[in-house]
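Asks: Okay, so the sequence shown: first residue is 670 according to our numbering, each after it adds one.
All residues carry an ideal CB built from backbone N, CA and C; glycine is no exception.
Everything numeric in this text was worked out from a predicted model, so none of it was measured.
The structure's right below; bear with me while I get my questions together.
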Amino acid sequence: MSVEEPFETATSVIAFGDRGNQSVVLKVIKQANDEWHSGRILQAFDANGVARAYEHAPGAVLLERLKPGNLLSEVSLGGRDAEATEILADVMQQMSARTPSQLELPNACATVDDWAKGFERYLASGDQQIPQRLAVEGQKAYLDLCASQRRPRLLHGDFQHYNVLYDSDRGWLAIDPKGVIGELEYEIGAVLRNPYEKPELFVSHSTIERRLEQFTKRLNLDYERTLRWGFAQAVLSAIWSIEDGFAVDETNSALKLAEVIRSMLATG
Numbered sequence: 670m671s672v673e674e675p676f677e678t679a680t681s682v683i684a685f686g687d688r689g690n691q692s693v694v695l696k697v698i699k700q701a702n703d704e705w706h707s708g709r710i711l712q713a714f715d716a717n718g719v720a721r722a723y724e725h726a727p728g729a730v731l732l733e734r735l736k737p738g739n740l741l742s743e744v745s746l747g748g749r750d751a752e753a754t755e756i757l758a759d760v761m762q763q764m765s766a767r768t769p770s771q772l773e774l775p776n777a778c779a780t781v782d783d784w785a786k787g788f789e790r791y792l793a794s795g796d797q798q799i800p801q802r803l804a805v806e807g808q809k810a811y812l813d814l815c816a817s818q819r820r821p822r823l824l825h826g827d828f829q830h831y832n833v834l835y836d837s838d839r840g841w842l843a844i845d846p847k848g849v850i851g852e853l854e855y856e857i858g859a860v861l862r863n864p865y866e867k868p869e870l871f872v873s874h875s876t877i878e879r880r881l882e883q884f885t886k887r888l889n890l891d892y893e894r895t896l897r898w899g900f901a902q903a904v905l906s907a908i909w910s911i912e913d914g915f916a917v918d919e920t921n922s923a924l925k926l927a928e929v930i931r932s933m934l935a936t937g
């Protein structure tokens with residue numbers, strides 16, 4: 670295998686190269702995080718809507734290289750958000766075509782219930798950056814949804830515009846899964862918070878409604894549950910930002926989204 674000069678991101682080292690007649694990408698995670706088992710998660714999806722993982726080990730994965738590798742965020746930011754949403758729904762449909770057995774998943778694969786602990790940590794911390802009423806309501810909605818899930822399955826866990834790339838041979842494909850077990854309605858939450866470069870788009874009441882209508886009709890999802898997951902996950906996203914060391918206030922786009930969805934739930 671020949672490898673071009675690698676480059677680094679905040680969390681990983683990445684190198685492009687060739688193995689035989691295959692163009693590949695080697696990704697090595699610097700320290701254990703929620704993408705530590707991404708190679709095994711990709712293999713569990715068996716190339717359905719995702720980039721192929723040729724080989725993997727904890728913290729490292731050898732992937733097919735997607736060319737030209739355009740980000741789906743470019744479509745949405747270019748004024749074609751409805752088209753981008755249809756593409757996301759199509760990729761999700763491909764990914765949900767196969768439900769891996771538990772034997773194919775890493776023992777450490779999280780469940781959405783596991784991720785609920787973020788609310789507990791925040792409410793116990795005494796932090797005041799997120800209004801307490803919002804944190805409490807977000808936790809209640811999240812736990813209620815966890816307890817009433819329908820058909821939990823393997824999900825990407827961070828499915829959104831920046832993790833879907835275009836390949837001239839295979840079309841649009843997802844990369845960089847975290848891997849989490851939950852119902853399909855959960856997967857829409859990250860989409861509703863993106864593309865982060867244009868928060869005025871995704872906090873729009875009309876954008877939220879249109880996106881949800883596209884997803885729920887295409888994938889036969891429960892509209893109300895998907896909306897409630899979007900609310901709860903927006904609050905949890907702000908909590909994770911604080912845990913990562915970022916300051917959060919009322920201008921935070923995830924909290925703005927949470928407030929908009931909260932008003933929609935109140936009047937729905």
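Keeping to the same chain, check which residues put their C-beta closer than 6 angstroms to that of Val-682; ignore five residues upstream and five downstream.
Replies: For Val-682, where only same-chain residues beyond five positions count, the Cβ hits under 6 angstroms are Pro-675 and Val-697.
Asks: So, under 8 angstroms CB-CB, Gly-686 and Leu-695 are touching, yes? Tell me the CB distance rounded to an integer number of Å.
Replies: The pair is a contact, with the Cβ atoms about 7 angstroms apart (cut-off 8 angstroms).
Asks: Where does Thr-920 land, buried or exposed, given buried means 16+ other C-beta within 10 angstroms?
Replies: Counting Cβ neighbours within 10 Å, Thr-920 comes out exposed, since fewer than 16 surround it.
Asks: Give every residue of the same chain whose Cβ lies closer than 6 angstroms to the Cβ of Gly-807, excluding the five residues on either side of it in the sequence, and list them in chain order.
Replies: So the list reads Ala-901 and Val-904, once near-sequence residues are dropped.
Asks: Say yes only if the C-beta of Lys-736 is nearer than 8 angstroms to one or more non-hydrogen atoms of the ligand NAP, and no if none qualify.
Replies: Judged by which ligands are present, the structure shown has none, so any question about the ligand NAP falls away.
Asks: Ala-758 and Ala-843: beta carbons closer than 9 angstroms?
Replies: No; because the gap between Cβ atoms is not below 9 angstroms, this pair is not in contact.
Asks: Less than 9 angstroms between the beta carbons of Ala-713 and Leu-823, yes or no?
Replies: Cβ atoms of Ala-713 and Leu-823: closer than 9 angstroms.
Asks: Where Leu-812 and Arg-802 are concerned, what is the direct C-alpha to C-alpha distance, given to the nearest angstrom?
Replies: Using only the alpha carbons, I get a separation of about 15 angstroms.
Asks: With H, G and I counted as helix, E and B as strand and the rest as coil, what does DSSP make of Ser-817?
Replies: Coil.
Asks: Measuring straight from C-alpha to C-alpha, what distance separates Arg-767 and Gln-797?
Replies: Answer to the nearest angstrom: the Cα atoms are 43 angstroms apart.
Asks: Given a cut-off of 9 angstroms on the beta-carbon distance, is the pair Leu-740 and Tyr-865 in contact?
Replies: Not in contact: Leu-740 and Tyr-865 (Cβ atoms no closer than 9 angstroms).
Asks: Report yes if the C-beta distance between Leu-853 and Leu-888 is below 9 angstroms; otherwise report no.
Replies: Yes, the Cβ-Cβ distance between Leu-853 and Leu-888 is below 9 angstroms.
Asks: Taking Phe-685 as part of the beta strand (DSSP E), name the residues at either end of that continuous run.
Replies: 681 to 688 is the span of the beta strand (DSSP E), which, as asked, contains Phe-685.
Asks: Give me the Cα-Cα distance between Ala-927 and Leu-881, rounded to the nearest whole angstrom.
Replies: If you take the alpha carbons of Ala-927 and Leu-881, they lie about 15 angstroms apart.
Asks: What's the call for Thr-936, buried or exposed, on a 16-neighbour Cβ count within 10 Å?
Replies: When all chains shown are included, Thr-936 counts as exposed.
Asks: So Leu-814 packs on Arg-931, CB below 8 angstroms; how close in whole Å?
Replies: In fact, because the Cβ distance is near 15 angstroms, the residues do not count as touching under 8 angstroms.
Asks: Could you tell me whether the segment 857 to 877 touches the segment 743 to 754, using the rule of 3 or more Cβ pairs below 8 angstroms?
Replies: Enough Cβ pairs lie closer than 8 angstroms, so yes.
Asks: Between Gly-738 and the rest of its own chain, which residues show a CB-CB distance below 8 angstroms, the 5 nearest in sequence each way excluded?
Replies: Result list for Gly-738: Leu-834, Tyr-835 and Asp-836, in chain order.
Asks: Have a look at Glu-878 and Ala-722 and give me their C-alpha separation to the nearest angstrom.
Replies: Distance between the alpha carbons of Glu-878 and Ala-722 is about 35 angstroms.
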